[in-house]
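Using this note's numbering, read the sequence shown as starting at 1 and increasing by one per residue. Report on one structure; see the data block that follows.
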Amino acid sequence: MNIDFSQLKMTFSQKPLLIGGKAMEYYDLRKAGDDSDFIVTKSDFESLVRLYPKNLKDLWGDLGVAVHGFEIWKTIDYFDYAFLSQNAIEESNYRVISLEKLLLQRAMAMNKPKYHLDLELVVKRITDDQYSNFDKMQAENESLMSELSEVQYIEKVGPEDSITS
Numbered sequence: 001m002n003i004d005f006s007q008l009k010m011t012f013s014q015k016p017l018l019i020g021g022k023a024m025e026y027y028d029l030r031k032a033g034d035d036s037d038f039i040v041t042k043s044d045f046e047s048l049v050r051l052y053p054k055n056l057k058d059l060w061g062d063l064g065v066a067v068h069g070f071e072i073w074k075t076i077d078y079f080d081y082a083f084l085s086q087n088a089i090e091e092s093n094y095r096v097i098s099l100e101k102l103l104l105q106r107a108m109a110m111n112k113p114k115y116h117l118d119l120e121l122v123v124k125r126i127t128d129d130q131y132s133n134f135d136k137m138q139a140e141n142e143s144l145m146s147e148l149s150e151v152q153y154i155e156k157v158g159p160e161d162s163i164t165s
């Protein structure tokens, strides 16, 4: 995903963090809308505000600048760049919010149907990614259990027990 910040006429001190619909699209979860949402550092946000003082948004104390197809935020739900950028994926001129932080972001907004659906998509992706390790984990567990003389499970469930709809 190529993102061109040149229209903004500023250099960021740290790569902006891609969030929202474009992050959903980055992970191939759904198609995004037209705008691109980012979180930036406090100092980068202050520079943006000075450049675009007539393009501000204030959503319950979360400040943003909306310009040139971008919505660039200082915080989302009061979570800042330092927090939301943990474990982010590095791209050439931006970072992408991690799936785990995207899950949190969508959970915080799940009272809106669109974001509730996004939440379900992110959970499915994380679950699918985790369960793709089942065979490896099963082999590791069987190796450990083979060292014991007697094993009795009080519960054991796996993919062969799943009901698909």
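Ideal Cβ placement from N, Cα and C applies to all residues, glycine included.
8 Å contact criterion, which residue i and residue j should meet: CB distance rounded
i, j, result
"residue 32", "residue 96", "At roughly 12 Å, the Cβ-Cβ gap does not stay under 8 Å, so residue 32 and residue 96 are not in contact."
"residue 27", "residue 99", "6 Å"
"residue 42", "residue 74", "6 Å"
Bounding residues of the alpha helix (DSSP H) (the contiguous stretch that carries residue i)
i, result
"residue 136", "134 to 146"
"residue 154", "Taken as a continuous stretch (DSSP letters only), residue 154 belongs to no alpha helix (DSSP H), as it is neither H nor E."
As assigned by DSSP and simplified to three states, the class of residue i
i, result
"residue 149", "coil"
"residue 42", "helix"
"residue 36", "strand"
For residue i, the residue or residues it bridges with in DSSP
i, result
"residue 75", "80"
"residue 4", "BP columns for residue 4 are empty, so no partner."
"residue 57", "64"
Below-8 Å beta-carbon distance, residue i vs any chain B residue
i, result
"residue 26", "Considering every chain present, this structure includes no chain B. It has just one protein chain."
Boundaries (first-last residue) of the beta strand (DSSP E) holding residue i
i, result
"residue 65", "62 to 67"
"residue 97", "From DSSP, residue 97 is part of no beta strand (DSSP E); its letter is neither H nor E."
"residue 18", "17 to 19"
Contact under 8 Å by Cβ, residue i with residue j
i, j, result
"residue 110", "residue 116", "yes"
"residue 69", "residue 34", "yes"
"residue 20", "residue 4", "no"
"residue 17", "residue 82", "no"
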